[in-house]
């Protein structure tokens, strides 16, 4: 599952940009899926973020396909040679060929990836026979359209949706195999957005099953004895709770509309750092009698207020966008800065 901040064409960093000078040379080296576009075209602008997602999935060094684009306002001769009569025009070029196959489907990520699979010959062939039950190999089940619904109808399942040509998927494969070996049996109950290491994937599954993660995890068990992605602190526990590593603290009030809107994002942020023993994602309810003085001492004058602490010392206030990616990058940047100081 992917998320992507909407970007204009000028901000695309992963999609390859071809011109008349390099198109015919590059297009022969690998399979290509190319968008011919005009910057002023509204349909092209709306497709931009999805095309960038496709590039992120595909433009790895060891991938057998490249995602590219051509600006027809500057490369009019090339676009004319490729029979581009409207924008956007999407064409798939097989390796060694300079004439593309035109895509005519819906311009969403599943349809685009399905089209790539068809062109690469990796789409599943449906047989007119009852599907055999999937067999686990070292704990890993390979599901298809015919077996998916029946198999996930009971128990818990952590599912990776992938494409064989996707570079990120190829890199994740060994970790996924290792995870399957360490977990057995047990509907998508949540969308995973954290890091793709074996330890963090395993800790995430443990958290979602209501079990304790490995002994190295120091996340909150609160009063119900179940691990939580968010550490809930009061004045009595605040000093001890933030004394080690980085603590990103949300000071909030339950009645605050902005706080309510931030809550699910804050929970997702906690999940992303759940297995990172150097980071705690924290919340403090400033309406509780036991915490009112603490919030005053920490100079909380509005809700929500977001402070980052390092080893118990306040180092920064966050005033940026409250979307998940920006919040995550804020913490990661401070982690990297602390690492560079060592």
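Residue numbers (my numbering): -6 to 335. C-beta atoms are modelled at their ideal positions from N, C-alpha and C, and glycine is treated no differently.
Open item on the list: Is the beta carbon of residue 156 closer than 8 Å to that of residue 50?
Closed with: The answer is yes: Cβ separation under 8 Å.
- [ ] Pull up the distance between the alpha-carbon of residue 85 and that of residue 152, whole angstroms please.
- [x] In this model, residue 85 and residue 152 are separated by some 29 Å (Cα to Cα).
- [ ] Quickly, what does DSSP pair residue 300 with across the bridge? List them, please.
- [x] Answer is 242, 310, bridged to residue 300.
TODO: Please say whether residue 235 and residue 260 have beta carbons closer to each other than 8 Å?
DONE: Going by C-beta atoms, residue 260 is not nearer than 8 Å to residue 235.
Open item on the list: Residues in the same chain with beta-carbon distance under 7 Å from residue 211, minus the five sequence neighbours each way, listed in chain order, please.
Closed with: At residue 211 the pLDDT is 46, less than 50, meaning the model places this residue with poor confidence; the figure from the coordinates comes in the next sentence. So the qualifying residues of the chain are 270.
Open item on the list: My assumption, with CB atoms under 8 Å, is that residue 243 sits in contact with residue 299. Please give the rounded CB distance.
Closed with: That pair is a contact at about 6 Å.
TODO: Ignoring anything shorter than 4 residues or poking outside the stretch -4 to 77, list the alpha helix (DSSP H) runs there in chain order.
DONE: Whole alpha helix (DSSP H) segments, 4+ residues: 16 to 19, 35 to 51, 69 to 74.
- [ ] Quick one: grab the DSSP three-state call for residue 294.
- [x] In this structure, residue 294 counts as coil in the three-state DSSP scheme.
Task: Span separating the alpha-carbon of residue 323 from that of residue 313 - done: Looking at the two C-alpha atoms, the distance is approximately 9 Å.
Open item on the list: Can you look up residue 101 in the DSSP assignment and give me helix, strand or coil?
Closed with: The three-state secondary structure of residue 101, taken from DSSP, is coil.
Open item on the list: Taking the alpha carbon of residue 305 as the reference point, which residue from 94, 46, 241 has its own alpha carbon closest?
Closed with: That would be 241, whose Cα lies nearest to the Cα of residue 305.
Task: residue 230 - containing alpha helix (DSSP H), residue span - done: Residues 228 to 234.
TODO: Could you please give the first and the last residue of the uninterrupted beta strand (DSSP E) stretch that includes residue 85?
DONE: Per DSSP, residue 85 belongs to the beta strand (DSSP E) from 82 to 86.
- [ ] Note down the Cα distance separating residue 96 from residue 325, rounded to an integer number of angstroms.
- [x] Approximately 39 Å, taken between the alpha carbons.
Open item on the list: In the DSSP assignment, the beta strand (DSSP E) including residue 153 goes from what residue to what residue?
Closed with: No beta strand (DSSP E) holds residue 153; DSSP gives it neither H nor E.
TODO: Sort out for me which residues DSSP pairs residue 94 with in a bridge.
DONE: 85.
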